[in-house]
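Novice:
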Amino acid sequence: MNEHGSDEHEQFEHRIREWYLSQEPSASLRTLAFDVRSSRDVSGLFRGSGRRTLHLRIGAFGAVAAMIVLSLSLIRTASESRSHVRAIAAEIALNHEKHLDPDVVIEHYESAGGMLPKLGFDPASPTHPATAGLRLAGGRYCSIRGAMAVQFRLYDDAGAAFTMYQFPHGGAGLRGESHIEIDGVDVRLWSRDGIMFGLASDRVR
Amino acid sequence: MPDTQAQPGGDDLDHMIGRLYRYALAIRHDPAAAEDAVHDALVRVCEKGGPWEEAYLRRAVRHRAMDSVKSDSRRIRREREHAPVHSEAVLDSRGECDADLAAALSSLRPIEREAIYLAVVEGLATKHVAAAMGRPRGSILSLIHRAKLRLGQALAHAAGNHRHE
Numbered sequence: 056m057n058e059h060g061s062d063e064h065e066q067f068e069h070r071i072r073e074w075y076l077s078q079e080p081s082a083s084l085r086t087l088a089f090d091v092r093s094s095r096d097v098s099g100l101f102r103g104s105g106r107r108t109l110h111l112r113i114g115a116f117g118a119v120a121a122m123i124v125l126s127l128s129l130i131r132t133a134s135e136s137r138s139h140v141r142a143i144a145a146e147i148a149l150n151h152e153k154h155l156d157p158d159v160v161i162e163h164y165e166s167a168g169g170m171l172p173k174l175g176f177d178p179a180s181p182t183h184p185a186t187a188g189l190r191l192a193g194g195r196y197c198s199i200r201g202a203m204a205v206q207f208r209l210y211d212d213a214g215a216a217f218t219m220y221q222f223p224h225g226g227a228g229l230r231g232e233s234h235i236e237i238d239g240v241d242v243r244l245w246s247r248d249g250i251m252f253g254l255a256s257d258r259v260r
Numbered sequence: 776m777p778d779t780q781a782q783p784g785g786d787d788l789d790h791m792i793g794r795l796y797r798y799a800l801a802i803r804h805d806p807a808a809a810e811d812a813v814h815d816a817l818v819r820v821c822e823k824g825g826p827w828e829e830a831y832l833r834r835a836v837r838h839r840a841m842d843s844v845k846s847d848s849r850r851i852r853r854e855r856e857h858a859p860v861h862s863e864a865v866l867d868s869r870g871e872c873d874a875d876l877a878a879a880l881s882s883l884r885p886i887e888r889e890a891i892y893l894a895v896v897e898g899l900a901t902k903h904v905a906a907a908m909g910r911p912r913g914s915i916l917s918l919i920h921r922a923k924l925r926l927g928q929a930l931a932h933a934a935g936n937h938r939h940e
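Residue numbers (this note's numbering), protein chains in the order written: chain W, 56 to 260; chain D, 776 to 940.
1) Give me the subset of the segment 63-80 of chain W whose CB atoms are less than 8 Å from a CB atom of chain D, sorted by chain position.
2) What is the rounded straight-line gap between the Cα of F252(W) and the Cα of L155(W)?
3) When DSSP labels each residue in this structure, what does P157(W) get in the three-state scheme?
4) For the segment 167-184 of chain W, which residues have a beta carbon sitting closer than 9 Å to at least one beta carbon of chain D?
5) Within 8 Å of any Cβ in chain W, is that where the Cβ of I807(D) sits?
6) Is there a Cβ from chain D that is less than 8 Å from the Cβ of D257(W)?
7) Is there contact between the segment 787-804 of chain D and the segment 212-222 of chain W, where contact requires at least three CB pairs shorter than 8 Å?
8) Does DSSP classify H234(W) as helix, strand or coil?
9) Starting from R819(D) and walking both ways along the alpha helix (DSSP H), at which residues does that stretch end?
10) Put P172(W) into one of helix, strand or coil per three-state DSSP.
11) Whose Cβ in chain D lies nearer than 7 Å to the Cβ of A88(W)?
12) Comparing the C-beta of I891(D) with each C-beta of chain W, is any distance below 8 Å?
13) Drop a sphere of 10 angstroms on the beta-carbon of P181(W), count the other beta-carbons inside from all chains shown, and report buried for 16 or more, exposed for fewer.
14) Please confirm whether R803(D) has its beta-carbon closer than 8 Å to some beta-carbon of chain W.
15) Within its chain, find whatever has a CB closer than 6 Å to the CB of R195(W); leave out the 5 residues flanking it on each side and keep chain order.
16) Assess, as a yes-or-no matter, whether the segment 927-934 of chain D is touched by the segment 878-889 of chain D under the definition of 3 or more beta carbon pairs within less than 8 Å.
17) Counting only beta-carbon separations shorter than 8 Å, does R85(W) have a partner in chain D?
18) Report the three-state DSSP secondary structure of W74(W) (helix, strand or coil).
19) Go to P951(D), then tell me how far its alpha helix (DSSP H) extends in each direction, as first and last residue.
20) When you compare the CB of H932(D) with every CB in chain W, is at least one pair closer than 8 Å?
As structure tokens, then:
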């Protein structure tokens, strides 16, 4: 390849590099990553490296065992619950920001189970005051924390879009209701009859 | 090449998420699908209790992204009447963007974009690209060569169109 061709090739590759390096993930994905990482820090202590000595391993396991014993009464503490709820809210905010169109038109929550038969549960009509006056436009499959969920698209009178998520959940980690703002997305979480509801919007309602 | 063994701290994690996202984007060429792939990989690795290492996460992201390519292909074949979101329209809405290059990249197959990304952006040697993609080195060389040719042709075509406008 001559010098001119080599320059062109280098510019071509530079252009590709620049394009990819200008692409950044959303703030919600970064938030989710930090939340996910913080939820696995303890498990990291159990992953031994080849360089770790036996004494260090015993010490590490002993420390972790002592920590576990001391923490038994604190399992599922408020902070753990908050972390879990925040991880769900971050995932909902991430999904909401994608503004994905519904796959099917749904007029009533009760009919969603028939329209989306792979859900494995029957979505329910939300009775939360925050959903009052919102018009249901459609829905699609999605997943929250790896579990099958339904994502509804709703609109208010001004035409602002809301997304509602429903998925089977025992309500673990959630007492009453949570209201979290993540990267400008307003997320409300509550549960009823074994179903967790999440309502996301671009503004505080 | 990034240190794949280190436990990621704040900035390291941030950079790693950026690299994983761009890798997924290279395969999917759709920001939403790329974020889905990274997101699903993070959740799965967390559920399995690790390891929290970039090389492992990268394989998990590749697995998710390739799975979604296959399922999207099946879905699009079934639902041709529902046109999928055009990737460039989405990509253009984010950050600084070379629209011609984005369009040219969209004309490549996912494995071609992946090979180009690993070789050009990540700067991996061909043997490492081959290892990451589970293909022989020779086929990676021809894959990259063909992909660059097609990219060059698409960009030249776009440049010609601009001159006529």
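Just so you know, even glycine gets a beta-carbon here, dropped at the ideal spot from N, CA and C.
Specialist: Working from what's here:
1) F67, E68, R70, I71, R72, E73, W74, Y75, L76, S77, Q78, E79, P80
2) Against the first sequence, residue 252(W) aligns to sequence position 197. Against the first sequence, residue 155(W) aligns to sequence position 100. Using only the alpha carbons, I get a separation of about 18 Å.
3) As a working mapping, residue 157(W) is identified with position 102 in the first sequence. Note: P157(W) maps to coil in three-state DSSP.
4) none
5) Within the second sequence, the letter at position 32 stands for residue 807(D). Residue identity check: residue 807(D) is Ala in the sequence provided, not Ile. For A807(D), the answer is yes, since a Cβ of chain W falls inside 8 Å of its Cβ.
6) Locating residue 257(W) in the first sequence gives position 202, counting from the first residue. No - not a single Cβ of chain D is within 8 Å of the one on D257(W).
7) no
8) The residue you call residue 234(W) lines up with position 179 of the first sequence. Strand.
9) Here residue 819(D) is taken as the residue at index 44 of the second sequence, counted from 1. Run containing R819(D): 806-822, per the alpha helix (DSSP H) assignment.
10) Sequence index remark: in the first sequence, residue 172(W) carries index 117 (1-based). Helix.
11) Sequence index remark: in the first sequence, residue 88(W) carries index 33 (1-based). By Cβ distance, chain D contributes L788, I792, L817.
12) Within the second sequence, numbered from 1, the residue matching residue 891(D) stands at position 116. It does: the Cβ of I891(D) has a partner Cβ on chain W nearer than 8 Å.
13) By 1-based counting over the first sequence, the position of residue 181(W) is 126. Classification for P181(W): buried.
14) Here residue 803(D) is taken as the residue at index 28 of the second sequence, counted from 1. Chain W, which has no Cβ nearer than 8 Å to the Cβ of R803(D), makes this no.
15) Looking up residue 195(W) in the first sequence gives position 140. Excluding sequence neighbours, R195(W) sits near P157, D158, Q206.
16) yes
17) As a position in the first sequence, residue 85(W) is number 30, starting the count at 1. It does; some Cβ of chain D falls within 8 Å.
18) In the first sequence, residue 74(W) corresponds to position 19, counting from 1. Helix at W74(W).
19) No answer is possible for residue 951(D): it lies beyond the span of chain D, which begins at 776 and ends at 940.
20) The sequence position of residue 932(D) within the second sequence is 157, counting from 1. With 8 Å as the cut-off, H932(D) does not count as an interface residue toward chain W.
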